Structures are given as C-alpha cells and as structure tokens.
Ligand SMILES: [Zn+2]
Ligand SMILES: [Zn+2]
C-alpha cells in the first residue's frame with residue numbers, strides 16, 4: 007500500500023485543492039480499508055464548497071469532501087470475516103455510536119454522535135483510500151457497477167422516505183421536486199408498488215427525465231397550479247402520500263394541500279427559513295400525518311437489492327463523469343448546470 011494518497015480537500019470557500027495526505031490505516035480490528043473508485047457529487051458538497059457551511063456545520067479545518075462512494079476492499083481487520091480484499095463495496099457514510107437509545111431502537115440516523123463523511127470535522131471520500139467499519143461496507147453483486155454503488159447513498163434517502171411515507175401497492179404518490187433526491191424517491195415509490203406517480207419541478211428537462219424513470223404525470227410548477235392539477239389527477243381526492251424533495255416553503259404548503267385527508271406528507275428537503283407557515287385547517291381537521299427525514303437507517307442492503315433486481319435505475323441518473331483531479335470542475339458544473347445534469351460522478 008502506498009504511504010500517501012491524493013484527496014480533494016476544501017480549504018475554504020471556493021478553495022478546493024488536490025492534496026497529498028497519508029493513507030489511513032486500520033483503526034479497529036472490525037474495520038476495512040477501501041480503495042475508493044467512484045464518488046457522486048451531492049448538493050451538500052456543493053453547498054460546503056460555495057458557503058463553507060451548512061446550518062451549524064461549519065468547515066473550520068481543511069476537509070475532504072464527498073460522501074456518496076464505492077470502491078474495493080484492499081485490507082480487512084483481524085475480526086472481519088464477511089469481506090475480503092477485492093470485494094467491491096458501497097460505503098454507508100454515517101457511522102453511529104451504537105450505544106445510545108436511538109442506536110438501540112434501530113433509528114441510528116438520529117444518533118447524536120454519528121460520524122458522517124464530509125460533515126465537519128469528518129473527512130469524506132474524494133480521495134483514494136478510506137477506512138470504514140466492515141458492517142457499513144456493503145458488497146455489490148457482480149452485475150451492479152461500482153458507479154451505481156456510489157449512488158446507493160441518495161437512493162437510501164429515497165427508500166427511507168417512501169418507507170416512512172408507508173407507500174404501498176396501488177398508491178398515488180406525488181413527489182415535489184425532480185432533482186436527484188426527487189428522482190430516487192419517485193423510483194423508490196414505484197418499486198414499492200405505487201401506480202400513479204406524479205412529479206413536479208420548474209425545469210422541463212428534469213420532468214422529461216422523470217418521465218423516462220417512470221413518472222406517470224409530470225407537472226411543471228411554473229406553468230400550472232400543482233395542487234389543482236394533483237386534485238384533478240386524483241378525482242378531487244388528493245394523493246395518498248406527498249413527498250417534498252424541494253424544501254421550499256411553497257412546496258411544503260403544496261404538499262399539505264395536495265395530500266388526501268388522512269394522508270401522509272414526508273418532508274425531505276430543508277427550507278432555508280427555520281419557520282414556515284403551514285395550513286392548520288389542513289393539518290388538523292384533515293388528520294394529516296406529517297414527518298421529517300434525516301438521512302436513513304438500515305436502507306443500504308435494500309437499496310442494493312432493489313437495484314440488483316432491476317427495480318430501480320440509478321445508472322440512468324448519472325449524466326456526467328469527471329476525474330478526481332477535476333473535482334472542483336465537477337462541483338462547479340453540477341452547481342451551474344442543474345437543468346442538464348442529474349448526477350455527476352467522479353472517478354478516483
Ligand atoms: Zn448526498
Ligand atoms: Zn448512537
């Protein structure tokens with residue numbers, strides 16, 4: 007194993023450098039070392055690059071970006087029996103404490119001590135080698151590519167959201183926002199058996215993309231009244247579940263009005279304002295169940311199985327490719343060309 011590796015390190019706002027850093031070594035006998043091969047560019051990476059922070063997570067020390075990653079195992083700790091060097095794996099990027107109430111309940115995404123790639127001060131995966139606990143490294147089947155493995159991360163969000171929304175066979179589901187998270191959420195709803203799949207966005211190109219991935223109705227929110235249109239599609243009833251992947255106060259309002267009475271609203275996107283006005287008559291008198299989403303728990307194995315079975319197409323979502331040396335170009339491109347690109351992947 008080499009002693010140093012290349013890494014794309016964020017030193018400050020819009021200051022991304024390719025640095026040479028020491029290769030990490032096994033910290034525990036339960037860890038593996040993974041040679042990273044593919045990393046997806048996520049909105050959060052772009053946000054850290056442009057603003058140096060997301061909410062109260064502030065980049066104070068140089069930090070390696072990237073958390074949607076896959077690669078191959080190169081070394082395993084003494085206690086690891088489930089993986090061997092050469093195995094291709096997708097890495098679940100957030101490792102919880104395993105000891106608190108939430109970890110014990112299986113809702114480890116709510117653990118206060120999660121160590122998550124590329125969330126300050128934790129380094130991410132835009133680099134050649136990382137260590138991971140073996141149980142957060144998920145082996146990819148032969149016919150699932152390493153590049154697809156990197157996209158299991160956003161897919162896990164879509165799988166968790168539709169799980170929390172209780173989407174089941176025959177449901178009418180509306181997804182607000184056709185960015186990468188909206189598109190994986192749409193596909194996860196379809197995989198769970200939803201039959202009427204409505205998606206909204208203001209970018210026509212993204213709606214066309216969503217149509218190819220299985221949306222039965224695409225609504226341009228800039229050209230129609232989304233709530234009216236959803237009511238029309240559902241004969242005035244409203245959707246069984248509405249999932250907001252846009253995270254704007256406007257779409258949160260739409261979600262509450264477009265869902266059927268007694269239906270479920272899942273909020274995935276985080277609005278820029280801490281407080282957003284909501285319609286109390288809808289929320290209370292129509293007995294809506296409203297829930298938030300923070301990452302996911304226990305979804306990686308299922309996400310890989312769903313892709314392996316052909317239920318979900320993540321390959322079709324990767325529209326652009328870059329090399330690690332071009333990580334900055336990849337971030338800037340993904341930020342400035344939202345209408346042409348869905349997922350940008352970086353090969354390492
Ligand atoms: Zn992400
Ligand atoms: Zn915990």
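Residue numbers (the working numbering): 7 to 354.
Note that beta-carbon positions come from the ideal geometry of N, C-alpha and C, so glycine has one too.
Model, not experiment: these values are computed from the prediction.
Item, Value
"Going by C-alpha to C-alpha distance, which of 112, 150, 8 and 160 sits closest to residue 46?", "160"
"Hey, does residue 11 have any beta-carbon neighbour from chain D nearer than 8 Å?", "The structure shown contains no chain D; it holds only a single protein chain."
"By the 10 Å Cβ neighbour count, where 16 or more other Cβ atoms means buried, how is residue 103 classified, buried or exposed?", "exposed"
"Rank 328, 294 and 190 by C-alpha distance to the C-alpha of residue 132 and give the top, closest one.", "328"
"Nearest to residue 261 by CA position, among 22, 150, 289 and 337, is which residue?", "289"
"Am I right that residue 224 and residue 200 are in contact with their C-beta atoms under 8 Å? What's the rounded C-beta distance?", "Rounded, the Cβ-Cβ distance is 15 Å, inconsistent with contact."
"Alpha carbon to alpha carbon, how far is residue 181 from residue 49?", "18 Å"
"With a cut-off of 8 Å, do at least 3 Cβ pairs link the segment 296-306 to the segment 161-175?", "yes"
"Judging by CA-CA distance, which residue of 219, 263 and 156 is the nearest neighbour of residue 317?", "219"
"With a floor of 3 residues, list each beta strand (DSSP E) that falls wholly inside the segment 108-161, ordered by position along the chain.", "135-139 and 143-145"
"Around the Cβ of residue 280, are there at least 16 other Cβ atoms within 10 angstroms (buried) or fewer (exposed)?", "exposed"
"DSSP three-state call for residue 44: helix, strand or coil?", "strand"
"Just list the beta strand (DSSP E) runs in the segment 51-101, keeping only unbroken ones of 3 residues or longer that don't cross its boundaries, in chain order.", "74-82 and 94-97"
"Which residues end up in the neighbourhood of ligand 3 when you take C-beta atoms closer than 6 Å to any of its heavy atoms?", "Ligand 3 is absent from the structure shown, which contains only ligand 1 and ligand 2."
"Checking 8 Å against the spacing of the C-beta atoms, do residue 232 and residue 206 come in under that value?", "yes"
"Could you tell me the distance, in whole angstroms, from the CA atom of residue 31 to the CA atom of residue 343?", "38 Å"
"Spell out the partners DSSP gives residue 249 in its beta bridges.", "181 and 272"
"Sorted by chain position, which residues of the same chain lie with C-beta nearer than 7 Å to residue 112's C-beta, five sequence neighbours on each side aside?", "303 and 304"
"Hey, residue 82 and residue 140: beta-carbon distance below 8 Å or not?", "yes"
"Give a single yes or no on whether residue 106 has its beta carbon closer than 7 Å to a heavy atom of ligand 2.", "yes"
"Which runs of the beta strand (DSSP E) fall wholly inside the segment 251-337 and span at least 3 residues, in chain order?", "265-273, 295-298 and 324-329"
"Note down the Cα distance separating residue 194 from residue 272, rounded to an integer number of angstroms.", "14 Å"
"Is it buried or exposed for residue 7, if we count other Cβ within 10 angstroms and need 16 for buried?", "exposed"
"Evaluate contact between the segment 65-84 and the segment 23-42, counting only Cβ atoms and requiring at least three cross-stretch pairs below 8 Å.", "yes"
"Assuming residue 192 is part of the alpha helix (DSSP H), what are its boundary residues?", "186-197"
"Can you give me the start and stop residues for the beta strand (DSSP E) that residue 213 sits inside?", "Looking at the DSSP string, residue 213 is not in any beta strand (DSSP E); the run it does join, the alpha helix (DSSP H), is 210-218."
"Taking the CB atoms as reference points, tell me whether residue 89 and residue 145 lie closer together than 8 Å.", "yes"
"Residues in its own chain within less than 8 Å of residue 356 by CB, not counting five upstream and five downstream?", "The structure shown does not extend to residue 356, since the chain is modelled only from 7 to 354, so the question has no answer here."
"One question on the structure: do residue 227 and residue 204 come within less than 8 Å of each other, judged by their Cβ atoms?", "no"
"Looking at ligand 2, does it come within less than 7 Å of residue 36, judged from the CB to the closest heavy atom?", "no"
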